[in-house]
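Enquirer: One line per chain: the protein sequences are C and R, in this order.
Counted the way my numbering counts, the first sequence spans residues 7 to 120.
Counted the way my numbering counts, the second sequence spans residues 5 to 115.
Where a beta carbon is used, it is the ideal one built from N, C-alpha and C, also for glycine.
Owing to the predicted nature of the structure, the values given are computational and were not obtained by experimental measurement.
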Amino acid sequence: DAGVTQSPTHLIKTRGQQVTLRCSPKSGHDTVSWYQQALGQGPQFIFQYYEEEERQRGNFPDRFSGHQFPNYSSELNVNALLLGDSALYLCASSLYADRWEKLFFGSGTQLSVL
Amino acid sequence: TQLLEQSPQFLSIQEGENLTVYCNSSSVFSSLQWYRQEPGEGPVLLVTVVTGGEVKKLKRLTFQFGDARKDSSLHITAAQPGDTGLYLCAGGASNTGKLIFGQGTTLQVKP
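So this is what it looks like as structure tokens:
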């Protein structure tokens, strides 16, 4: 049973560019959440997708957007990259949008913005 | 706004020592979780504490949930180098699927 998979594992971009990160949830899960984790800090909630719609959003600017596909996989897009966007981006999946107790995390995508 | 504060933020100890990490909030949480994360990996769930005053043990790790459900602690007995990592406490935001994390405690256990 595959867990949460994310791609790519590492990415280097320059300021002003756009990036797309991808996530496949654990088998049987229908909800995907994205978190941003700065080095040595706890993850911060970006947004959650359920039934192909953004259900909740954290305190992140509109440069951060996402999408969920009919097969429950998800993408995170970040436009006009800033140096401060450098972080580990984690995807977490669960069954049902309100089940935070049962989140499974992927290994993340390490984004470096130069 | 629900916030979780962890202390200490960094801990460097020798193998065999004991340590305690604290997680505090001014808000009541229905339950709290503890995660361990290694560099370049996602957080891995260690335990969920649900009932106020609850104590759970996982080998050399002891987790406690405060009576008022506003705080929790993680105690490690006889720490080993393999315990090195980032320890995160987390709680769910009310009636949402959002997980709120503390800022984490980086533990380094030297042989």
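The region 78 to 110 of chain R: which residues have C-beta closer than 7 Å to a C-beta of chain A, in chain order?
Expert: The chain labelled as chain A is not found among the protein chains of the depicted structure, namely C and R.
Enquirer: Could you tell me which residues DSSP puts in a beta bridge with C/Ile18?
Expert: According to DSSP, which records beta bridges pairwise, C/Ile18 is partnered with C/Ser118.
Enquirer: Helix, strand or coil for R/Phe75, going by three-state DSSP, please let me know.
Expert: First, the residue type needs correcting, since residue 75 of chain R is Asp and not Phe in the sequence shown. Correct three-state label for R/Asp75: strand.
Enquirer: C/Gln23 touches chain R at which residues, Cβ-Cβ below 7 Å?
Expert: By Cβ distance, chain R contributes nothing, its closest Cβ being about 23 Å from C/Gln23, past 7 Å.
Enquirer: For R/Ser76, which option in R/Ala97, R/Val51, R/Leu90, R/Thr88 has the closest C-alpha, if you only look at C-alpha atoms?
Expert: R/Val51
Enquirer: On the DSSP bridge list, what partners appear for C/Tyr78?
Expert: The beta-bridge partner set that DSSP reports for C/Tyr78 is empty.
Enquirer: Anything in the region 62 to 74 of chain C with a Cβ closer than 9 Å to a Cβ of chain R? List those residues in chain order, please.
Expert: Gln62, Gly64
Enquirer: Name the one or two DSSP bridge partners that R/Glu42 has.
Expert: BP columns for R/Glu42 are empty, so no partner.
Enquirer: For R/Gly95, name the three-state secondary structure that DSSP assigns.
Expert: strand
Enquirer: Helix, strand or coil: which one does DSSP assign to C/Asn45?
Expert: The amino acid occupying residue 45 of chain C in the given sequence is Leu; Asn does not appear at that position. The answer is coil: DSSP assigns C/Leu45 none of H, G, I, E or B.
Enquirer: I want to know whether the region 8 to 23 of chain R touches the region 33 to 44 of chain C - three or more CB-CB distances under 8 Å.
Expert: Proximity of the region 8 to 23 of chain R to the region 33 to 44 of chain C falls short of the contact definition, fewer than three beta-carbon pairs being nearer than 8 Å.
Enquirer: Between the alpha carbons of R/Val113 and R/Gln13, how many angstroms are there, rounded?
Expert: When rounded, the distance between both Cα atoms is 14 Å.
Enquirer: For C/Ile18, I'd like the list of residues in its chain whose CB is within less than 7 Å of its CB, leaving aside the five on either flank, ordered along the chain.
Expert: Ser118, Leu120
Enquirer: Answer with buried or exposed for R/Leu62, where buried requires no fewer than 16 other C-beta atoms within 10 angstroms of its C-beta.
Expert: Answer is exposed; the Cβ neighbour count stays below 16.
Enquirer: So, at 7 Å on beta carbons, what are the nonlocal neighbours of C/Arg63 in its own chain, with the 5 sequence-adjacent residues on each side left out?
Expert: Phe53
Enquirer: For C/Thr37, which option in C/Tyr56, C/Gly48, C/His73 has the closest C-alpha, if you only look at C-alpha atoms?
Expert: C/Tyr56
Enquirer: By DSSP's criteria, R/Phe69 is part of a beta bridge. Which residues make up the other side?
Expert: R/Ser76
Enquirer: Buried or exposed: which applies to C/Phe121, given that a residue is buried once 16 or more other Cβ atoms fall within 10 Å of its Cβ?
Expert: Examination of residue 121 of chain C is not possible in this model, given that chain C is present from 7 through 120 alone.
Enquirer: Pick helix, strand or coil for C/Lys108, following the three-state DSSP scheme.
Expert: helix
Enquirer: Would R/Leu36 pass as a contact of R/Leu111 if the rule is Cβ separation under 8 Å?
Expert: no
Enquirer: CA-CA distance, R/Val32 and R/Thr81?
Expert: 28 Å
Enquirer: Determine which residues share a DSSP beta bridge with R/Ile17 and list them.
Expert: R/Val113
Enquirer: At the 8 Å Cβ level, is R/Glu9 part of the contact set with chain C, yes or no?
Expert: no
Enquirer: Whole angstroms is fine: what's the gap from C/Gln74's alpha carbon to C/Leu82's?
Expert: 9 Å
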